[in-house]
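These protein sequence lines map, in sequence, to chains A and B. When you line the first sequence up against the numbering used here, it's residues 313 to 608, in that order. When you line the second sequence up against the numbering used here, it's residues 3 to 477, in that order. Note that beta-carbon positions come from the ideal geometry of N, C-alpha and C, so glycine has one too. For reference, the structure is listed below as structure tokens.
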Amino acid sequence: MSQIPEKDPISGTPTTGHEWDGIKELNTPLPRWWLWTFYACILFAIGYCIAYPSFPLPWGGHTKGTLDYTNRKGIEQELKNAAVSARPQFAKIAQSDLPTIVADPSLKSFAVAGGRSAFLQNCAPCHGASAQGAKGFPNLLDDVWLWGGTLDQIYQTVQFGVRNANENSHQGVTMPAWGDAAKNPPQVLTADQIDSVVNYVLSLNHQSADAAKAAAGATIFAENCVACHGEKAEGNQDMGAPPLASGVWLYGGDKATLVETVTHGRGGQMPAWSERLDPATVKMLAIYVHQLGGGK
Amino acid sequence: MSQHAHTEAASLYEAHKKVYPKAVTGRFRRLKWLVMSLCLGFFYLAPLVRWDRGAGAPDQAILIDLAGRRVYLFDLEFWPQEIYFVTGIMVLAMLTLFLATALFGRIWCGYACPQTVWTDLFVMVERWVEGDRMERVRLDRAPWTLSKIRKKVVKHGIWLLIAAASGCAFVGWYTDAPTLTLKLLQFDAPMTDVGFIALLTSTTYLLGGLAREQVCVYMCPWPRIQSALLDEQSRVVSYQAWRGEPRGKLSDANAGDCIDCLACVQVCPTGIDIRDGHQLACIDCSLCIDACDSMMVKVGRPRGLIAWESFTGQNQRAAGLPAEWRPLRPRTVLYGVVILSVIAAMMIALLMRHPLKITALHDRLPLWVTISGDRLRNGYTLKVNNQTRKIQPLLLSIESPAGAVLEVADQDQLASGNNIVMLAAQPDGQTTFHVTAALPKSAVDAASTPIVFRLVNPDFPEMRITDHFFAPEKP
Numbered sequence: 313m314s315q316i317p318e319k320d321p322i323s324g325t326p327t328t329g330h331e332w333d334g335i336k337e338l339n340t341p342l343p344r345w346w347l348w349t350f351y352a353c354i355l356f357a358i359g360y361c362i363a364y365p366s367f368p369l370p371w372g373g374h375t376k377g378t379l380d381y382t383n384r385k386g387i388e389q390e391l392k393n394a395a396v397s398a399r400p401q402f403a404k405i406a407q408s409d410l411p412t413i414v415a416d417p418s419l420k421s422f423a424v425a426g427g428r429s430a431f432l433q434n435c436a437p438c439h440g441a442s443a444q445g446a447k448g449f450p451n452l453l454d455d456v457w458l459w460g461g462t463l464d465q466i467y468q469t470v471q472f473g474v475r476n477a478n479e480n481s482h483q484g485v486t487m488p489a490w491g492d493a494a495k496n497p498p499q500v501l502t503a504d505q506i507d508s509v510v511n512y513v514l515s516l517n518h519q520s521a522d523a524a525k526a527a528a529g530a531t532i533f534a535e536n537c538v539a540c541h542g543e544k545a546e547g548n549q550d551m552g553a554p555p556l557a558s559g560v561w562l563y564g565g566d567k568a569t570l571v572e573t574v575t576h577g578r579g580g581q582m583p584a585w586s587e588r589l590d591p592a593t594v595k596m597l598a599i600y601v602h603q604l605g606g607g608k
Numbered sequence: 003m004s005q006h007a008h009t010e011a012a013s014l015y016e017a018h019k020k021v022y023p024k025a026v027t028g029r030f031r032r033l034k035w036l037v038m039s040l041c042l043g044f045f046y047l048a049p050l051v052r053w054d055r056g057a058g059a060p061d062q063a064i065l066i067d068l069a070g071r072r073v074y075l076f077d078l079e080f081w082p083q084e085i086y087f088v089t090g091i092m093v094l095a096m097l098t099l100f101l102a103t104a105l106f107g108r109i110w111c112g113y114a115c116p117q118t119v120w121t122d123l124f125v126m127v128e129r130w131v132e133g134d135r136m137e138r139v140r141l142d143r144a145p146w147t148l149s150k151i152r153k154k155v156v157k158h159g160i161w162l163l164i165a166a167a168s169g170c171a172f173v174g175w176y177t178d179a180p181t182l183t184l185k186l187l188q189f190d191a192p193m194t195d196v197g198f199i200a201l202l203t204s205t206t207y208l209l210g211g212l213a214r215e216q217v218c219v220y221m222c223p224w225p226r227i228q229s230a231l232l233d234e235q236s237r238v239v240s241y242q243a244w245r246g247e248p249r250g251k252l253s254d255a256n257a258g259d260c261i262d263c264l265a266c267v268q269v270c271p272t273g274i275d276i277r278d279g280h281q282l283a284c285i286d287c288s289l290c291i292d293a294c295d296s297m298m299v300k301v302g303r304p305r306g307l308i309a310w311e312s313f314t315g316q317n318q319r320a321a322g323l324p325a326e327w328r329p330l331r332p333r334t335v336l337y338g339v340v341i342l343s344v345i346a347a348m349m350i351a352l353l354m355r356h357p358l359k360i361t362a363l364h365d366r367l368p369l370w371v372t373i374s375g376d377r378l379r380n381g382y383t384l385k386v387n388n389q390t391r392k393i394q395p396l397l398l399s400i401e402s403p404a405g406a407v408l409e410v411a412d413q414d415q416l417a418s419g420n421n422i423v424m425l426a427a428q429p430d431g432q433t434t435f436h437v438t439a440a441l442p443k444s445a446v447d448a449a450s451t452p453i454v455f456r457l458v459n460p461d462f463p464e465m466r467i468t469d470h471f472f473a474p475e476k477p
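Next up, the structure:
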């Protein structure tokens with residue numbers, strides 16, 4: 313830089329002296345203050361690297377930074393803050409009975425939002441993210457309920473569950489395996505009888521069925537099934553027996569599935585959520601499920 | 003600038019050369035004062051204008067309420083959903099800038115850019131405290147005396163006051179200005195407001211007082227872009243070299259009209275020599291035209307040695323022809339047509355704006371639910387944006403398909419079985435309803451059937467929203 317700089321003949325601008333294949337670099341200098349902003353950025357970056365986690369270490373892990381901050385810790389803190397700010401509503405829900413909560417719009421919307429969040433964490437694996445259900449796991453959007461669809465009945469079911477060890481759980485009646493002599497010796501049905509009763513059930517649902525078999529099935533149904541499913545196959549919520557003519561099926565309404573159901577029996581289970589979740593969350597779950605569209 | 007660089011050994015860094023713009027009078031200077039007064043007046047005073055919108059609504063004529071998510075513009079009120087109006091305004095601003103540049107060069111830079119306006123204001127204060135160009139040069143070279151310290155303190159004090167006022171005015175656009183003023187006086191303003199006032203105060207002081215032309219030359223991307231928008235027909239501030247060269251003394255009979263008095267250089271706010279030709283640092287403020295014209299009048303030569311002239315015009319004058327200017331060129335016509343179309347589109351959108359915006363969103367999962375009685379049910383989220391300030395009743399019914407049973411969560415049918423539900427859309431906000439429609443399976447033929455919701459309100463024509471009713475494929 314000590315020699316007198318060469319000038320570009322066309323623009324009159326001095327060159328830096330650098331040349332590549334005959335192309336010379338013009339020197340259009342920046343002011344020094346701009347350089348200082350560059351240094352300031354470097355200083356900031358150094359400070360940032362010291363304060364925050366930055367570099368992976370060759371022997372595993374990474375530098376922790378003097379502030380000991382991680383995104384996870386940040387999220388944990390945010391969740392903690394949110395839990396603290398939601399504490400009054402939780403307390404109010406825990407103390408109030410269901411009609412009181414539902415009557416208060418702000419408390420209800422809090423319960424629905426909280427219930428949705430708890431549903432996604434606890435119930436979605438079986439009932440689906442939108443409560444749409446799956447084979448063997450009831451759809452909670454429809455208006456057909458095994459154990460009742462009023463808010464109180466749903467609350468009861470969520471609290472204590474179905475056919476589990478909790479003494480308050482719904483036990484109802486487990487559907488016997490009608491075609492299995494080993495499991496159901498006194499009242500076993502033959503494959504023909506099962507075929508007839510399935511034809512009867514199909515005829516109740518206006519599906520193609522053998523009329524003669526359906527007629528025979530009606531007698532078998534009256535002898536064996538009405539105790540739980542009712543004379544008109546309307547179901548019985550005390551026993552957890554589903555209606556058989558609603559068009560809504562828990563396991564499937566096609567012939568093969570019906571034969572399977574009658575032959576081997578059914579008996580779904582559900583945990584008692586009052587054993588796992590706090591009382592306010594259980595209430596919020598009941599309120600959430602009740603307002604999904606099928607609640608009575 | 004370039005001459006200066008020639009005599010120095012090459013450095014990779016430009017040495018700071020402080021610019022001392024000299025006072026000048028003339029028609030462009032008067033125009034610049036006028037534009038500056040209008041811009042600053044609008045910026046400082048607009049937030050103070052009141053506008054009655056009734057109870058419960060802010061009474062500031064222009065208010066960008068970020069927390070409340072509303073933009074108030076006199077009788078207009080924009081919601082975040084209408085962000086396209088902001089997009090339209092930005093597109094318009096950009097195209098207008100293109101058009102103005104294609105016609106008159108960088109008049110935005112020279113007259114209306116906030117950087118130019120505040121720099122002008124700060125230089126005015128500087129001149130008022132420290133005197134004109136030569137006095138300021140002398141003051142800066144003089145040793146530190148009490149009088150120099152006093153002048154510097156007064157200057158920077160006034161600059162800081164202006165900067166603080168600008169910061170307050172800026173925040174006043176985003177919050178109720180009188181309330182903000184009162185709270186500032188009571189030392190009770192919200193920390194966010196104080197933070198933004200501090201930020202804007204420091205940037206105004208830094209950019210307007212200290213950085214000045216450095217912003218235009220080194221920081222701003224516009225000079226690079228705007229140069230690309232010019233063509234040989236664009237009028238720019240230019241030195242008529244054909245007339246001025248060779249420069250020489252007034253008494254020199256062989257010299258051109260330029261008497262090399264350097265008046266144009268001394269008044270330049272970016273410190274350049276316009277006689278070097280059109281260049282990146284020239285912001286087309288035309289103060290050099292005023293300076294040169296007054297000098298030409300003094301020496302008895304025609305004005306216009308530095309003029310707002312296109313390159314074509316300059317060449318024509320040099321050849322002794324009358325200069326002709328073609329403002330209507332493909333690019334200006336194109337800009338004009340696009341600007342008018344954007345304005346038309348925005349006006350149509352503004353006139354067709356409905357204060358009740360209703361949308362239906364079909365439930366994603368599941369698409370349908372089988373319910374008792376062999377029926378199918380579809381769910382929809384109905385959102386009503388009510389931009390009026392009163393509750394809007396809406397009678398909701400399903401126009402087609404016939405026989406669909408309507409239900410709305412938490413709302414009863416008007417009369418049992420009549421399939422009409424009264425919805426109450428809350429004022430100045432969005433109300434969400436969950437709506438379901440149920441049909442017997444036997445009544446649905448296709449996997450997707452159009453469904454039409456009808457909404458009736460006493461104040462507006464009836465509205466229809468079309469969506470789909472989904473069903474399982476028939477085997």
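Query raised in the report: Taking the C-alpha atoms as reference points, what is the distance between GLY605 (chain A) and LEU441 (chain B)?
Result: For this step, residue 605 (chain A) is matched to residue 293 along the first sequence. For this step, residue 441 (chain B) is matched to residue 439 along the second sequence. One C-alpha to the other measures close to 15 Å.
Report task. Using DSSP bridges, identify the partner residues of ALA17 (chain B). Result -> Mapped onto the second sequence, residue 17 (chain B) falls at position 15. None, per the DSSP bridge assignment.
**Report entry** Host beta strand (DSSP E) of MET424 (chain B) (start-end)
**Finding:** In the second sequence, residue 424 (chain B) corresponds to position 422, counting from 1. From DSSP, the beta strand (DSSP E) with MET424 (chain B) extends over 423–427.
Query raised in the report: What runs of the beta strand (DSSP E), each 3 residues or longer, lie entirely inside the segment 225–266 of chain B?
Result: 238–241
Query raised in the report: Which chain B residues sit within Cβ distance under 9 Å of LEU342 (chain A)?
Result: Looking up residue 342 (chain A) in the first sequence gives position 30. Result: LEU14, TYR15, GLU16 and TYR220.
Query - Residue-level contact to chain A via CB, LYS20 (chain B), 8 Å cutoff - result: Walking along the second sequence from the start, residue 20 (chain B) turns up at place 18. Not one chain A Cβ lies under 8 Å of LYS20 (chain B).
Query - Coil, strand or helix - GLU326 (chain B) by DSSP - result: Here residue 326 (chain B) refers to the residue found at position 324 of the second sequence. GLU326 (chain B) falls in the coil class under three-state DSSP.
Query raised in the report: If we cut at 8 Å on Cβ distances, does VAL371 (chain B) have a partner in chain A?
Result: Numbered from its first residue, the second sequence carries residue 371 (chain B) at position 369. Yes, because at least one Cβ of chain A sits closer than 8 Å to the Cβ of VAL371 (chain B).
Query - Counted within 10 angstroms of its Cβ, other Cβ atoms place GLY607 (chain A) as buried (16 or more) or exposed - result: In the first sequence, counting from the first residue as 1, residue 607 (chain A) sits at position 295. Burial call: buried.
Query raised in the report: For the beta strand (DSSP E) that contains TYR382 (chain B), what are its first and last residues?
Result: Residue 382 (chain B) sits at position 380 when you count from the first residue of the second sequence. Start and end: 377–388.
Query raised in the report: What is the rounded straight-line gap between the Cα of PRO225 (chain B) and the Cα of VAL119 (chain B)?
Result: Within the second sequence, the letter at position 223 stands for residue 225 (chain B). Within the second sequence, the letter at position 117 stands for residue 119 (chain B). Distance between the alpha carbons of PRO225 (chain B) and VAL119 (chain B) is about 17 Å.
**Report entry** CB contact flag (CYS270 (chain B), LEU289 (chain B), <8 Å)
**Finding:** Numbered from its first residue, the second sequence carries residue 270 (chain B) at position 268. Numbered from its first residue, the second sequence carries residue 289 (chain B) at position 287. Yes. Within cutoff.
Report task. Starting from the Cα of GLN465 (chain A), find the closest Cα among A:ALA528, A:LYS595 and A:HIS330 and give me that residue. Result -> As a first step, residue 465 (chain A) must be located in the first sequence, where it is residue number 153. If we check each option's Cα against that of GLN465 (chain A), A:LYS595 comes out closest.
Query raised in the report: LYS336 (chain A) lies in the alpha helix (DSSP H); which residues open and close that run?
Result: Mapped onto the first sequence, residue 336 (chain A) falls at position 24. Per DSSP, LYS336 (chain A) belongs to no alpha helix (DSSP H); it is in the beta strand (DSSP E), 335–338.
Query raised in the report: How would you write the range of the beta strand (DSSP E) that ILE1 (chain B) sits in, first residue to last?
Result: Lying outside 3 to 477, the shown extent of chain B, residue 1 (chain B) is not represented and no answer is given.
Query raised in the report: Counting Cβ pairs closer than 8 Å, one from the segment 402–411 of chain B and one from the segment 447–456 of chain B, do we hit at least three?
Result: yes
Report task. Answer with buried or exposed for GLN499 (chain A), where buried requires no fewer than 16 other C-beta atoms within 10 angstroms of its C-beta. Result -> Numbered from its first residue, the first sequence carries residue 499 (chain A) at position 187. Burial call: exposed.
Query raised in the report: Of the residues that make up the segment 408–424 of chain B, which ones have a beta carbon closer than 9 Å to any beta carbon in chain A?
Result: GLU409, ALA411 and ASP412
Report task. Please report how far the alpha carbon of ALA534 (chain A) lies from the alpha carbon of GLN505 (chain A), in whole angstroms. Result -> Position 222 of the first sequence holds residue 534 (chain A). Position 193 of the first sequence holds residue 505 (chain A). Straight-line Cα distance between these residues: approximately 13 Å.
Query raised in the report: What did DSSP end up calling VAL458 (chain B) once you bin it into helix, strand or coil?
Result: For this step, residue 458 (chain B) is matched to residue 456 along the second sequence. Here VAL458 (chain B) sits in strand by DSSP.
Query raised in the report: Is the CB of ALA441 (chain A) under 8 Å away from at least one CB in chain B?
Result: Locating residue 441 (chain A) in the first sequence gives position 129, where the first residue counts as 1. Interface residue, yes.
Query raised in the report: Is the CB-CB distance between LEU97 (chain B) and ILE341 (chain B) below 8 Å?
Result: The count along the second sequence starts at 1 and reaches residue 97 (chain B) at position 95. The count along the second sequence starts at 1 and reaches residue 341 (chain B) at position 339. Against a cut-off of 8 Å, the Cβ pair of ILE341 (chain B) and LEU97 (chain B) comes out as a contact.
Query - ILE274 (chain B): first and last residue of the uninterrupted beta strand (DSSP E) it sits in - result: Position 272 of the second sequence, counted from the first residue, corresponds to residue 274 (chain B). Neither: ILE274 (chain B) is in no beta strand (DSSP E) and is coded neither H nor E.
Query raised in the report: Does the segment 383–395 of chain B come within contact of the segment 425–439 of chain B, defined as at least 3 CB pairs closer than 8 Å?
Result: yes
Query raised in the report: Under a CB-based cut-off of 8 Å, is THR385 (chain B) close to chain A?
Result: The count along the second sequence starts at 1 and reaches residue 385 (chain B) at position 383. Going by the sequence as given, residue 385 (chain B) is Lys instead of Thr. It does not: the Cβ of LYS385 (chain B) has no partner Cβ on chain A nearer than 8 Å.
Query raised in the report: Using the C-alpha atoms, what's the distance from GLN549 (chain A) back to ALA528 (chain A)?
Result: On the first sequence, position 216 is the one that residue 528 (chain A) refers to. On the first sequence, position 237 is the one that residue 549 (chain A) refers to. Going by the C-alpha atoms only, they are around 27 Å apart.
**Report entry** Local conformation of PRO370 (chain A) per DSSP, three classes
**Finding:** For the purposes of this step, residue 370 (chain A) is identified with residue 58 of the first sequence, where counting begins at 1. Three-state DSSP puts PRO370 (chain A) in coil, outside helix and strand.
Report task. With DSSP as the reference, label PRO442 (chain B) as helix, strand or coil. Result -> By 1-based counting over the second sequence, the position of residue 442 (chain B) is 440. Note: PRO442 (chain B) maps to strand in three-state DSSP.
Query raised in the report: Checking contacts by CB at 8 Å: is SER558 (chain A) closer than that to chain B?
Result: Residue numbering aside, residue 558 (chain A) sits at position 246 when the first sequence is read from its first letter. Closer than 8 Å to some Cβ of chain B, the Cβ of SER558 (chain A) qualifies, so yes.
Query - Residues, ordered as in the chain, of the segment 537–565 of chain A that lie near chain B by beta-carbon distance below 7 Å - result: SER558, GLY559 and VAL560
Report task. Could you name the residues of the segment 452–475 of chain A whose beta carbon sits closer than 8 Å to any beta carbon of chain B, in the order they occur along the chain? Result -> LEU453, ASP454, ASP455 and VAL456
**Report entry** 8 Å Cβ cutoff met for THR675 (chain A) and ALA363 (chain A)
**Finding:** No answer is possible for residue 675 (chain A): the residues shown for chain A start at 313 and end at 608.
Requested in this report: Leaving out five residues on either side along the sequence, give the residues of the same chain with a beta carbon under 7 Å from the beta carbon of LEU202 (chain B).
Outcome: Along the second sequence, read from residue 1 onward, the residue named residue 202 (chain B) stands at position 200. Cβ within range, chain order: SER168, GLY169 and PHE172.
Report task. Using the DSSP secondary-structure output, state which residues sit across from SER450 (chain B) in a beta bridge. Result -> Residue numbering aside, residue 450 (chain B) sits at position 448 when the second sequence is read from its first letter. Per DSSP, B:PHE472.
Query raised in the report: Mind checking if GLN433 (chain A) is an interface residue toward chain B, Cβ cutoff 8 Å exclusive?
Result: Start at 1 with the first residue of the first sequence, and residue 433 (chain A) comes out as number 121. Not one chain B Cβ lies under 8 Å of GLN433 (chain A).
**Report entry** Own chain partners of GLY427 (chain A) with C-beta closer than 6 Å, once the 5 adjacent residues on each side are dropped
**Finding:** The residue given as residue 427 (chain A) occupies position 115 in the first sequence. Within the same chain, GLY427 (chain A) has close Cβ partners MET596, LEU597, ILE599 and TYR600.
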